[in-house]
Amino acid sequence: MENPGPPIDSAPITSSNRGGQNDGTFSYFNDCPEGVLIKIFDKLSVQDLMNCRLTCPRWDKTILISELLDMKSSFVFDGRRDDNIGGKCATYMEESSSKNYYWSHLKFRRVGGRQTPWLFDHLEHDPDFTLTISMLELLNCSINWLIILQILMYLPNLEVFVDSQDMYCWDYQTFNSGIEEDETIQENVGFQQIRNQDKLDNLARLRVARIHRSQLVECTTYLKILKLRSNSLRELEITTDQNFAPQRAQLFYTHLYSLLRNNADSLKMLKFPFKFVCPTYDFRVTDEHHAFREFLNHITEQRWSETLGLRVLEELSLQFGVLPIDGQDLKLRLVPLLNSLHSLKNFSMQCVFLESGMERFIEEFLREIHTSQFRPQFGIYMNDAAGVPNILNFQRSLRSLSVQTFREMAKQLKDLIPLFGIECYEDLKELQYFSKNHTFRNFNLDLLIESFSNLTHLNLVDHNSRLETRHSCEALATIEDPDMQLIIKHLRKLVSLQLIANMTFLTDVGMTGIDKEICKRMQSGNLYALSEEDVVSGAPLSKLQNLRFLVLRGLGIKVTDITPLFAFNGMPLLKKLHLYGSHQVSVLGRSSLAQQFNASRGCDLQV
Amino acid sequence: MALVRVISSDGAAFLVSQRLAKRSGKLKTEIETFRKSSDNSEAQPEIRIVTIRAEILRLVLQWLQQHQNDPVLPANQNEQDGRGDAEMGQSQWDRDFLAPMDLGIVMELILAANHLEVKGLLDITCKLVESKITGRTVDEIRTAFKLKSDFKGNEEEQTRLENRWCVEN
Numbered sequence: 001m002e003n004p005g006p007p008i009d010s011a012p013i014t015s016s017n018r019g020g021q022n023d024g025t026f027s028y029f030n031d032c033p034e035g036v037l038i039k040i041f042d043k044l045s046v047q048d049l050m051n052c053r054l055t056c057p058r059w060d061k062t063i064l065i066s067e068l069l070d071m072k073s074s075f076v077f078d079g080r081r082d083d084n085i086g087g088k089c090a091t092y093m094e095e096s097s098s099k100n101y102y103w104s105h106l107k108f109r110r111v112g113g114r115q116t117p118w119l120f121d122h123l124e125h126d127p128d129f130t131l132t133i134s135m136l137e138l139l140n141c142s143i144n145w146l147i148i149l150q151i152l153m154y155l156p157n158l159e160v161f162v163d164s165q166d167m168y169c170w171d172y173q174t175f176n177s178g179i180e181e182d183e184t185i186q187e188n189v190g191f192q193q194i195r196n197q198d199k200l201d202n203l204a205r206l207r208v209a210r211i212h213r214s215q216l217v218e219c220t221t222y223l224k225i226l227k228l229r230s231n232s233l234r235e236l237e238i239t240t241d242q243n244f245a246p247q248r249a250q251l252f253y254t255h256l257y258s259l260l261r262n263n264a265d266s267l268k269m270l271k272f273p274f275k276f277v278c279p280t281y282d283f284r285v286t287d288e289h290h291a292f293r294e295f296l297n298h299i300t301e302q303r304w305s306e307t308l309g310l311r312v313l314e315e316l317s318l319q320f321g322v323l324p325i326d327g328q329d330l331k332l333r334l335v336p337l338l339n340s341l342h343s344l345k346n347f348s349m350q351c352v353f354l355e356s357g358m359e360r361f362i363e364e365f366l367r368e369i370h371t372s373q374f375r376p377q378f379g380i381y382m383n384d385a386a387g388v389p390n391i392l393n394f395q396r397s398l399r400s401l402s403v404q405t406f407r408e409m410a411k412q413l414k415d416l417i418p419l420f421g422i423e424c425y426e427d428l429k430e431l432q433y434f435s436k437n438h439t440f441r442n443f444n445l446d447l448l449i450e451s452f453s454n455l456t457h458l459n460l461v462d463h464n465s466r467l468e469t470r471h472s473c474e475a476l477a478t479i480e481d482p483d484m485q486l487i488i489k490h491l492r493k494l495v496s497l498q499l500i501a502n503m504t505f506l507t508d509v510g511m512t513g514i515d516k517e518i519c520k521r522m523q524s525g526n527l528y529a530l531s532e533e534d535v536v537s538g539a540p541l542s543k544l545q546n547l548r549f550l551v552l553r554g555l556g557i558k559v560t561d562i563t564p565l566f567a568f569n570g571m572p573l574l575k576k577l578h579l580y581g582s583h584q585v586s587v588l589g590r591s592s593l594a595q596q597f598n599a600s601r602g603c604d605l606q607v
Numbered sequence: 001m002a003l004v005r006v007i008s009s010d011g012a013a014f015l016v017s018q019r020l021a022k023r024s025g026k027l028k029t030e031i032e033t034f035r036k037s038s039d040n041s042e043a044q045p046e047i048r049i050v051t052i053r054a055e056i057l058r059l060v061l062q063w064l065q066q067h068q069n070d071p072v073l074p075a076n077q078n079e080q081d082g083r084g085d086a087e088m089g090q091s092q093w094d095r096d097f098l099a100p101m102d103l104g105i106v107m108e109l110i111l112a113a114n115h116l117e118v119k120g121l122l123d124i125t126c127k128l129v130e131s132k133i134t135g136r137t138v139d140e141i142r143t144a145f146k147l148k149s150d151f152k153g154n155e156e157e158q159t160r161l162e163n164r165w166c167v168e169n
């Protein structure tokens, strides 16, 4: 009789003493039940799953049946990469045996008008494919609203629709004309047809709409499209880069109002209308403050707080610039709206321009809504033009902070933020610092990490030069090896990191954590490999596992091939990697990066 | 202390406490079935596991003994937040436990854990296998797991083509 007893002896346990089974053809997975296999595959990334599919037919089938890829990945058609007229995509769709149950998400990148004929052909004749699509994302596509509307019509189960356009749309004109929903003016035959076929009903199933267009008029057209039928939207996000001219804004809000009314019973999240633009200009001379005034006028005139009835709205995010003269308006006009939203849990206001002496408006505003269920969050933009505003009284409400220096006085970051390095700004997630003066020298990274330990976005820019070329940087504030290692070690939550600074002294050691001696050996021997005795004492950039965007500008000649080879291994989420400067990355490093972050991953790589 | 005899496919018998054995879903059911069918409540249950050989069964029991005081998690709780698995698998003892094993043993252990319904052990072993796949090339995976790429016709090419249109969300 045996007991389970003694701890395992140190001898390696192998399967070699297995009776009879070990005949060389045996595969470990022969008797593995499907459920267990799926459990193993469950946490793998899409790239790993794609590799597994290619190993053997059984795994291939198991992965397909599990629908893991379906859940984790999307079908991507890239108008420029794949084919000009959609031929390759068409072939794939005709010949693939598994296409029909494979994807639920559809992404179009850079698709233009030329590709639309085959697209419609397939959408029309391949109901199996269109039935499963629950999400459609358009990225920098140049197709007009009529075509977009038609695509939407072919997807009966669409729940999420995303259109983001970073560039000026080639079809701007058709968006400009928009849809005239007034029955008497409809001259557009295509639209008439869609309307007559009553296919617009698909819009009613839409749950989430996220639109980012550079032109306000395009956004307005989207509001009109959505307004036609949508009545159960849960999330609406509509943003633009453009400043609001008052007459345009009027139209935007009119349509927004009726869309919100139609969806008042279902809408849980609402976000509009500006993208956070990099504050390179003086805020006060722009139109942006009009936008906020316009909005406040609108909600007062239309009596949003009484007539809209957004009963279930939980999250409201406004992205405006607030001018000091609007300070009282916050209290008098915005508070009633917020107090009418009974389910509100999160309220945030981004891009709030704060001047010294105007802190009290925000403090007052916070006191007014103090009794409510939600905690407001602010994204503050401030500069030192008229003294540094004191943000300490509402630091718990700060979500993001953008600081800009003009004055000669500020030599380091700690001159600008009160109690920097002493007080901890736990709730602050995004920090942007932008230097415009010639005397700024020090980011105080050690203090920064103490004060802002929970950062997800960090953007440090010393940009006193007028030279805007990609490769030169005349920054004075330096970032060196210990600084980079501090960031890697302490700011593990970072999603986005941009550094534009003097990084002349930054070396491979700071980027990869590999000791200087070992780096030297690799360079002199031209042999880029670590041996077993090599001790790596630091951490590579890839330890920042959540990182999606990484931009380093101003690198010096001390960054060599070691960085691309060792700093970025296994960063599944990285979507943008820009390394600019006079670095010495050769073809070897470049090709290694290109292999890792190839275009099929949708990664934007510039070295 | 109430005991139970657990017998492996190759006939080795392990005498373990019922309290420990009941941490395996399968053994728990078996013990209860035995209780119901037996008149003598004092009788020692005997359970024959025909699919697991002694060496593997010993490892499973060893793992159970080490983890006998862990809280028993409901079968699907971990899936909800996705963190549970990782936390379960992180103990130093587990790492030392798995370290000397080759993949064949790990696979047998997975099958055993699955059969005996020992969730914690299944989690850490699956995680180990998962880590052997992550970041590897197709050929490396094939070699490591002794997989046969017996694709028929153009199946492999087809899969390769399908992968091309597919990208992480």
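Chain order of the listed sequences is U and Z. Be aware that the first sequence starts at 1, since it is given in UniProt numbering, and climbs by one per residue. Be aware that the second sequence starts at 1, since it is given in UniProt numbering, and climbs by one per residue. Idealized CB from N, CA, C, for every residue including glycine.
In whole angstroms, what separates the C-alpha of residue i from that of residue j?
| i | j | result |
| --- | --- | --- |
| Z:Asp-150 | U:Thr-62 | 15 Å |
| Z:Asp-85 | U:Gly-112 | For Z:Asp-85, the predicted structure reports a pLDDT of 43, less than 50, and the residue's modelled location is therefore unreliable. A value from the coordinates is still provided. Cα to Cα, Z:Asp-85 sits roughly 45 Å from U:Gly-112. |
| Z:Arg-160 | Z:Ile-110 | 30 Å |
| U:Ile-488 | Z:Leu-27 | 48 Å |
| Z:Ile-52 | Z:Thr-143 | 25 Å |
| U:Ile-417 | U:Asn-390 | 8 Å |
| U:Arg-81 | U:Asp-508 | 33 Å |
| U:Arg-234 | U:Arg-207 | 5 Å |
| U:Asn-546 | Z:Ser-8 | 46 Å |
| U:Trp-118 | U:Thr-456 | 42 Å |
| residue 616 of chain U | U:Leu-136 | Beyond the ends of chain U as shown, which are 1 and 607, falls residue 616 of chain U; an answer cannot be given. |
| U:Val-217 | U:His-298 | 18 Å |
| Z:Trp-93 | U:Glu-124 | 59 Å |
| U:Gly-24 | Z:Leu-147 | Here the model assigns U:Gly-24 a pLDDT of 42, short of 50, so the residue's position is not dependable, and the following value carries that caveat. Each residue's alpha carbon lies about 11 Å from the other. |
| U:Glu-430 | U:Leu-448 | 12 Å |
| Z:Val-4 | Z:Gln-44 | 6 Å |
Chain U partners of residue i, CB-CB under 7 Å?
| i | result |
| --- | --- |
| Z:Phe-151 | Pro-57 |
| Z:Arg-160 | Leu-54 |
| Z:Ile-133 | Leu-44, Asp-48, Cys-52 |
Please report the Cβ distance between residue i and residue j, rounded to the nearest whole angstrom; I am assuming they are in contact, meaning their Cβ atoms lie under 8 Å.
| i | j | result |
| --- | --- | --- |
| U:Met-511 | U:Ala-567 | 4 Å |
| U:Val-335 | U:Phe-365 | 7 Å |
| U:Phe-443 | U:Leu-486 | At roughly 11 Å, the Cβ-Cβ gap does not stay under 8 Å, so U:Phe-443 and U:Leu-486 are not in contact. |
| Z:Arg-64 | Z:Ser-24 | Sequence check: residue 64 of chain Z is Leu here, not Arg. The Cβ separation is near 7 Å, so the contact holds. |
| U:Phe-505 | U:Glu-532 | Not a contact, Cβ separation roughly 30 Å. |
| Z:Met-141 | U:Asn-51 | It is Ile, not Met, that sits at residue 141 of chain Z in the sequence shown. The pair is a contact, with the Cβ atoms about 6 Å apart (cut-off 8 Å). |
| U:Val-109 | U:Asn-144 | The question names Val, but residue 109 of chain U is Arg in the sequence shown. Incorrect: roughly 17 Å between the Cβ atoms, too far for contact. |
| U:Gly-554 | U:Met-484 | Their Cβ separation, rounded to whole angstroms, is 13 Å, which puts U:Gly-554 and U:Met-484 out of contact at 8 Å. |
Starting from residue i, find everything on chain U with Cβ-Cβ shorter than 8 Å and list it in chain order.
| i | result |
| --- | --- |
| Z:Arg-142 | Thr-55, Cys-56 |
| Z:Glu-156 | Leu-54 |
| Z:Asn-114 | Pro-33, Gly-35, Val-36 |
| Z:Asn-163 | Met-50, Arg-53, Leu-54 |
For residue i, which residues in chain Z fall below 7 Å Cβ to Cβ?
| i | result |
| --- | --- |
| U:Ile-40 | Cys-126, Val-129, Glu-130 |
Using a Cβ cut-off of 9 Å, pull out every chain U residue sitting near residue i, in sequence order please.
| i | result |
| --- | --- |
| Z:Arg-136 | Asp-48, Asn-51 |
| Z:Ile-47 | Within chain U, no residue comes near Z:Ile-47; the closest Cβ sits about 14 Å away, beyond 9 Å. |
| Z:Leu-111 | Asp-31, Cys-32, Pro-33, Val-36 |
List the residues of chain Z that residue i touches, going by C-beta distances under 8 Å, in chain order.
| i | result |
| --- | --- |
| U:Ser-73 | Cys-166, Val-167, Glu-168, Asn-169 |
| U:Leu-69 | Cys-166 |
| U:Val-111 | The premise fails here: U:Val-111 is roughly 14 Å from chain Z at the closest Cβ pair, so nothing lies under 8 Å. |
Going along chain Z, which residues have a C-beta under 9 Å from residue i?
| i | result |
| --- | --- |
| U:Asp-551 | Strictly speaking, residue 551 of chain U in this sequence is Val, with Asp absent from that position. Simply none; closest approach about 21 Å. |
Legend entry - the segment 345–364 of chain U in contact with the segment 295–312 of chain U per 3-pair CB rule at 8 Å: Result no; under three Cβ-Cβ pairs closer than 8 Å.
Inset, instruction - Say whether the segment 494–506 of chain U touches the segment 515–525 of chain U, bearing in mind that this needs 3 or more beta-carbon pairs closer than 8 Å, one atom from each stretch. - result: With contact defined as three or more Cβ pairs closer than 8 Å, the segment 494–506 of chain U and the segment 515–525 of chain U are not in contact.
Inset, instruction - Let me know the beta strand (DSSP E) ranges lying completely inside the segment 34–95 of chain U, each 3 residues or longer, listed in chain order. - result: With a minimum length of 3 residues, the continuous beta strand (DSSP E) runs that stay inside the segment 34–95 of chain U are 73–78.
Legend entry - At least three beta-carbon pairs within less than 8 Å, the segment 29–47 of chain Z to the segment 585–599 of chain U: Verdict: no, contact absent.
Legend entry - Any 3 or more C-beta pairs closer than 8 Å across the segment 7–26 of chain Z and the segment 567–583 of chain U: Touching, no, given that fewer than three Cβ pairs across the two stretches are closer than 8 Å.
Legend entry - Inside the segment 479–549 of chain U only - alpha helix (DSSP H) runs reaching at least 4 residues: The qualifying runs are 481–490, 508–512, 516–525.
Inset, instruction - Please determine if the segment 39–46 of chain U and the segment 124–144 of chain Z are in contact, where contact requires at least 3 C-beta pairs separated by less than 8 Å. - result: Yes, since at least three Cβ pairs between the segment 39–46 of chain U and the segment 124–144 of chain Z fall closer than 8 Å, the two stretches touch.
Legend entry - In chain order, each beta strand (DSSP E) run of at least 3 residues that lies wholly inside the segment 364–436 of chain U: DSSP runs (the beta strand (DSSP E)) wholly in the segment 364–436 of chain U: 375–383, 398–405, 430–435.
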